[in-house]
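First comes the structure, then the notes that go with it.
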Amino acid sequence: MSGELFAFLVLALLAILGGILMLNLTKVIHMLLSLVLTFLAIAGLYVLLSAEFVAIAQVLIYSGAITIIMIFGIMLTRHNDTQKTKGNRTRNMVVGAGVVLFFFTMYFSINQVSFGDQATSLHVENTKQIGIELYSKYIIPFELMSVVLLVSLVGAIILAKRDDEEEAEQK
Amino acid sequence: MDMETLLSYEWSMMAPEFTILIIATVLSLVDLFADKKIDRKLFGWFGAAGIGIALFFLFSQIGHEPAMILANTYRLDAFSLSFKILLLIGALLVLLMGVSYEAKGELLYRGEFYYLLMSALLGAMMMASSADLITLFVGLELLSISSYILAGTRKKSTQSNEAAMKYVINGGISSAFTLFGLSYIYGLTGSTNLADISREISNIAPENGLVLLSVAFILTFVGLAFKISTVPFQMWAPDVYQGAPIPVTVFLSVVSKTAGFVIILRVLLSVFPFAQGLEANTSLLQSMMIFISVLAGITMIAGNTVALKQRNIKRLFAYSSIAHAGYLLVPFVAFSEMMFESMWFYLAAYLLMNIGAFAVIQVMSEHSHSEDISIFAGLFYRRPWMAVMMTIFLLSLAGIPGTAGFIGKLNIFIGALFSDPSRYILAAVMMGTTVISYFYYFGVMAQMFMRPSGSAVPIRMPVGVTIAMVFCAAGTITLGLFPGVVLDFFQTQFNFAEMFY
Chain A
1 MSGELFAFLV
11 LALLAILGGI
21 LMLNLTKVIH
31 MLLSLVLTFL
41 AIAGLYVLLS
51 AEFVAIAQVL
61 IYSGAITIIM
71 IFGIMLTRHN
81 DTQKTKGNRT
91 RNMVVGAGVV
101 LFFFTMYFSI
111 NQVSFGDQAT
121 SLHVENTKQI
131 GIELYSKYII
141 PFELMSVVLL
151 VSLVGAIILA
161 KRDDEEEAEQ
171 K
Chain B
1 MDMETLLSYE
11 WSMMAPEFTI
21 LIIATVLSLV
31 DLFADKKIDR
41 KLFGWFGAAG
51 IGIALFFLFS
61 QIGHEPAMIL
71 ANTYRLDAFS
81 LSFKILLLIG
91 ALLVLLMGVS
101 YEAKGELLYR
111 GEFYYLLMSA
121 LLGAMMMASS
131 ADLITLFVGL
141 ELLSISSYIL
151 AGTRKKSTQS
161 NEAAMKYVIN
171 GGISSAFTLF
181 GLSYIYGLTG
191 STNLADISRE
201 ISNIAPENGL
211 VLLSVAFILT
221 FVGLAFKIST
231 VPFQMWAPDV
241 YQGAPIPVTV
251 FLSVVSKTAG
261 FVIILRVLLS
271 VFPFAQGLEA
281 NTSLLQSMMI
291 FISVLAGITM
301 IAGNTVALKQ
311 RNIKRLFAYS
321 SIAHAGYLLV
331 PFVAFSEMMF
341 ESMWFYLAAY
351 LLMNIGAFAV
361 IQVMSEHSHS
371 EDISIFAGLF
381 YRRPWMAVMM
391 TIFLLSLAGI
401 PGTAGFIGKL
411 NIFIGALFSD
421 PSRYILAAVM
431 MGTTVISYFY
441 YFGVMAQMFM
451 RPSGSAVPIR
461 MPVGVTIAMV
471 FCAAGTITLG
481 LFPGVVLDFF
491 QTQFNFAEMF
501 Y
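Line order of the protein sequences matches chains A and B. For the record, in the first sequence the residue sitting at position 144 is 144 according to full-length UniProt numbering, with numbers rising by one throughout. For the record, in the second sequence the residue sitting at position 104 is 104 according to full-length UniProt numbering, with numbers rising by one throughout.
Here you go:
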């Protein structure tokens, strides 16, 4: 077993473990922490693929910003911070069978493919390359993303805003 | 790439998109700074004028040589042009309906409604005019995120909140499916540009990646099926249609659905006809058709039978729109030479009849503050013209001769029978479910003509919604009686072979 394969197996298992814990834990904060575990493990996988920029963005944005915002969201809203899940044996069985089936389909279909030789020059200046591509070839989707951001901002505000004052004004 | 290459592209061909983008930006800024007392309905007319300008640009582009900007991240061809016309007309009618929407205390965010609608339209247009997976996906997300918010703008209504929540979660899952499928297409071909993909994909040896490609096909289709609300992603439609404000419901059932069909056609037709199929001498698209035809059949049956039991008129139309999405998959499965024509025509007919019917529903449900089917009772004796127009829309939806819906169904039917191989079973299912659909469409008509009306309060008909209604009724009849005019124009002006690279 080469070092790379070993690192991959460890990181992949951690990512899956995070996901499973997230579904099975009952306290919201614990769920969030397991989510962070998944995000960090995925960042590790990106490093293995010589995508350092994506890895750092993953850590900054997902494990950092998004998690913090979720914690704020949890703290600022009233809620029961534990969740009880009712077990439904038949449904779990069916879903489980589906997952296993899906895993084997994907496993065998991916195993069938040979991707040829491994690329060797991926790590060369990849941040610079991403930048150049983003600001030249992909400028249209990039600019469109700014509209997506604007829309989500507006949406977050109008859906979360309290209307009480406005109504008082109208009356 | 330097500035000169960047400027050498013909940016003016993006004029329709730029118009919509500018309108959306201007509206959001004006909404921010303008006096609170200014009636936000003006935004609607301003937006409608903007869409008018965009339509003008579009029509002036007809006959333009196929062209692209920056490696197909923007593409102008007959396919994108013809479908963008539908998207813009649909959005225009939705705006007109929105101007008249007056449900009590519901649409507090009127200004936001208009520019979110514009940004959703921008997303839909990008989905039509791109041949790069990244731009297509960004367009898809722009449309989806705007629609999630629009569905939740009735904040006081628990139904609307539930609708928005369901829509977000289902939408997220379906996006994940789509991306998962697309990522394998990218992995196998090494490009996001559909032109490059279609070239690369024919070189993939069958024993090397065929199964993976089939899986990618299924995942992509299943994910995109969410937007057109067909099985397996149809269950959000009734709840979301019921919970959302009526103009938003119309937008989802017409513009968003059209955009869904557009992206399905664009992605699947540029990639899979060129891949080696499961049997020798077939393409992967042909091998996978059986899968889509089963889904189409289930969609038609499920949509039409469940609609029979509905009393809520918005839910009824939600199931009816699921059924229509099923009909629309039939020409795709048949894959005859008439595929584009019959899909475009049916989408146009569906746009007119569905928006028209919802315009009547909007007037009636605002009048009686209810969404039960009985709000139509005795309509003929109170507003005869509106009842007649509603009858036209219902007949067209049911597919009775003399209306646009009939010609649309006929085209699909002929295409299914004369394609190679013929799709007899699917045509039979379509026939049978159409007959089932008569029951619920005629149930609404029975209310209008045969039941006595409960109240004598005069029904108010605001300007915007009336314009939309009359336009749709006139269009439905014109397309029904003189389909040749449109189809001829279509065949001479739009050459769909341009879609392939």
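For each residue, glycine too, the CB sits at the ideal point set by N, CA and C.
Reference residue i, options the options, closest by Cα
{"i": "Tyr381(B)", "options": "Pro452(B), Lys156(B), Pro483(B), Thr189(B)", "result": "Pro452(B)"}
{"i": "Thr153(B)", "options": "Val30(B), Leu265(B), Leu116(B)", "result": "Leu116(B)"}
{"i": "Phe217(B)", "options": "Pro483(B), Phe291(B), Met125(B)", "result": "Phe291(B)"}
{"i": "Phe482(B)", "options": "Pro331(B), Leu92(B), Phe261(B), Gly405(B)", "result": "Gly405(B)"}
{"i": "Glu141(B)", "options": "Ile139(A), Ser152(A), Ala156(A)", "result": "Ser152(A)"}
{"i": "Trp45(B)", "options": "Leu479(B), Ile467(B), Gln493(B), Ala474(B)", "result": "Ile467(B)"}
{"i": "Ile412(B)", "options": "Ala349(B), Glu112(B), Ile23(B)", "result": "Ala349(B)"}
{"i": "Ala225(B)", "options": "Ile246(B), Ser256(B), Met431(B)", "result": "Ser256(B)"}
{"i": "Val147(A)", "options": "Leu347(B), Ala24(B), Thr178(B)", "result": "Ala24(B)"}
{"i": "Pro245(B)", "options": "Ile477(B), Phe180(B), His369(B)", "result": "His369(B)"}
{"i": "Tyr441(B)", "options": "Gly98(B), Phe180(B), Gly399(B), Met469(B)", "result": "Gly399(B)"}
{"i": "Leu121(B)", "options": "Lys161(A), Thr77(A), Asn24(A), Leu144(A)", "result": "Leu144(A)"}
{"i": "Leu17(A)", "options": "Leu60(A), Ile61(A), Ser34(A)", "result": "Ser34(A)"}
{"i": "Leu7(B)", "options": "Asn24(A), Ile139(A), Ile158(A)", "result": "Ile139(A)"}
{"i": "Ser365(B)", "options": "Ser283(B), Pro247(B), Thr258(B), Ala259(B)", "result": "Pro247(B)"}
{"i": "residue 506(B)", "options": "Pro273(B), Pro238(B), Gln242(B)", "result": "The structure shown has nothing for residue 506(B), since chain B only spans 1 to 501."}
{"i": "Ser270(B)", "options": "Gly260(B), Ala259(B), Thr258(B), Leu285(B)", "result": "Leu285(B)"}
{"i": "Ala387(B)", "options": "Val250(B), Val470(B), Gly408(B), Lys155(B)", "result": "Val470(B)"}
{"i": "Leu95(B)", "options": "Gly464(B), Ala473(B), Phe489(B)", "result": "Gly464(B)"}
{"i": "Val59(A)", "options": "Thr77(A), Ile158(A), Phe39(A), Ser50(A)", "result": "Phe39(A)"}
{"i": "Trp385(B)", "options": "Ser146(B), Val360(B), Lys155(B)", "result": "Val360(B)"}
{"i": "Phe500(B)", "options": "Met390(B), Arg266(B), Gln493(B)", "result": "Arg266(B)"}
Beta-bridge pairing of residue i - partner residues as DSSP gives them
{"i": "Asp117(A)", "result": "DSSP output for Asp117(A) lists no bridge partner at all."}
{"i": "Leu76(B)", "result": "Ala67(B)"}
{"i": "Ser283(B)", "result": "Gln276(B)"}
{"i": "Asp372(B)", "result": "Asn312(B)"}
{"i": "Asn92(A)", "result": "Note: Asn92(A) sits in no beta bridge, so no partner."}
{"i": "Asn193(B)", "result": "Asp132(B)"}
Spatial neighbours of residue i in its chain, beta-carbon cut-off 8 Å, leaving aside the 5 residues before and after
{"i": "Gly297(B)", "result": "Gly326, Ile425, Leu426, Val429"}
{"i": "Met289(B)", "result": "Val333, Phe335"}
{"i": "Tyr135(A)", "result": "Phe142"}
{"i": "Leu92(B)", "result": "Ala48, Ile51, Gly52, Leu55"}
{"i": "Tyr148(B)", "result": "Ala164, Tyr167, Val168, Gly171"}
{"i": "Ile436(B)", "result": "Asn304, Thr305, Leu308"}
{"i": "Val486(B)", "result": "Phe345, Ala348, Leu479"}
{"i": "Ser455(B)", "result": "Ser368"}
Neighbourhood of residue i by C-beta, 6 Å cutoff - its chain only, sequence neighbours within 5 removed
{"i": "Gly44(A)", "result": "Leu11"}
{"i": "Pro462(B)", "result": "Ser100"}
{"i": "Asn72(B)", "result": "Ala131, Asp132, Asn193, Ala195"}
{"i": "Ile54(A)", "result": "As written in the sequence, residue 54(A) is Val, which differs from the Ile given in the question. Closer than 6 Å at the Cβ level, and outside the excluded window around Val54(A), lie Tyr46."}
{"i": "His367(B)", "result": "Ile459"}
{"i": "Ser342(B)", "result": "Pro331, Asn411, Ile412, Gly415"}
{"i": "Thr403(B)", "result": "Leu395, Ser396, Thr476, Gly480"}
{"i": "Ala15(A)", "result": "Thr38, Ala41, Ile42"}
Any non-hydrogen atom of the ligand PLP within 7 Å of residue i CB
{"i": "Val363(B)", "result": "Looking for the ligand PLP in the displayed structure turns up nothing, as the structure carries no ligands at all."}
Close beta carbons around residue i, own chain, < 7 Å, minus the five adjacent residues each side
{"i": "Phe496(B)", "result": "Ala78, Phe79, Phe340"}
{"i": "Tyr9(B)", "result": "Ile69, Leu70"}
{"i": "Val231(B)", "result": "Leu295, Ile298, Thr299, Ala302"}
{"i": "Glu4(A)", "result": "Leu48"}
{"i": "Lys171(A)", "result": "At Lys171(A), the pLDDT of 45 sits below 50, so the modelled position is not reliable; the number obtained from the coordinates is stated separately. Result list for Lys171(A): empty, nothing under 7 Å."}
{"i": "Ala67(B)", "result": "Glu10, Met13, Leu76"}
{"i": "Gly223(B)", "result": "Ser174, Ser175, Phe177, Thr178, Gly181"}
Quiz item: Counting pairs of beta carbons, one from the segment 272-279 of chain B and one from the segment 307-320 of chain B, are three or more of them closer than 8 Å?
Solution: Per the Cβ contact rule, the segment 272-279 of chain B is not in contact with the segment 307-320 of chain B (fewer than 3 Cβ pairs under 8 Å).
Exercise. Could you tell me which uninterrupted alpha helix (DSSP H) segments, each at least 4 residues in length, are contained entirely in the segment 25-63 of chain A, listed from first to last along the chain?
Key: If we require 4 residues or more, the alpha helix (DSSP H) runs fully inside the segment 25-63 of chain A come out as 28-48, 52-57.
Quiz item: What are the complete alpha helix (DSSP H) segments, minimum 4 residues, inside the segment 80-142 of chain B?
Solution: For the segment 80-142 of chain B, whole alpha helix (DSSP H) runs of length 4 or above, ordered along the chain, are 110-128.
Quiz item: For the segment 409-434 of chain B, which segments carrying the beta strand (DSSP E) assignment without a break, of at least 3 residues, lie completely within its bounds, in sequence order?
Solution: The segment 409-434 of chain B contains no whole beta strand (DSSP E) run of 3 or more residues.
Quiz item: If you pair each beta-carbon of the segment 351-362 of chain B with each one of the segment 326-336 of chain B, do three or more pairs fall below 8 Å?
Solution: Contact between the segment 351-362 of chain B and the segment 326-336 of chain B is absent, because fewer than three Cβ pairs lie under 8 Å.
Quiz item: Do three or more CB pairs link the segment 391-411 of chain B to the segment 443-451 of chain B at distances below 8 Å?
Solution: Per the Cβ contact rule, the segment 391-411 of chain B is in contact with the segment 443-451 of chain B (3 or more Cβ pairs under 8 Å).
Exercise. Indicate whether the contact test is met: 3 or more Cβ pairs, each with one atom in the segment 365-384 of chain B and one in the segment 415-424 of chain B, closer than 8 Å.
Key: The segment 365-384 of chain B makes no contact with the segment 415-424 of chain B, as fewer than three CB pairs between them are under 8 Å.
Self-check item: Runs of alpha helix (DSSP H) wholly within the segment 338-393 of chain B (minimum 4 residues, chain order)
Solution: Taking 4 residues as the minimum length, the alpha helix (DSSP H) runs contained wholly in the segment 338-393 of chain B are 339-368, 379-382, in order along the chain.
Exercise. Assess, as a yes-or-no matter, whether the segment 106-113 of chain A is touched by the segment 202-212 of chain B under the definition of 3 or more beta carbon pairs within less than 8 Å.
Key: Short answer: they touch.
Exercise. Determine contact between the segment 304-318 of chain B and the segment 363-374 of chain B, defined as no fewer than three beta-carbon pairs at a distance below 8 Å.
Key: Judged by Cβ distances under 8 Å, the segment 304-318 of chain B makes contact with the segment 363-374 of chain B, as three or more pairs qualify.
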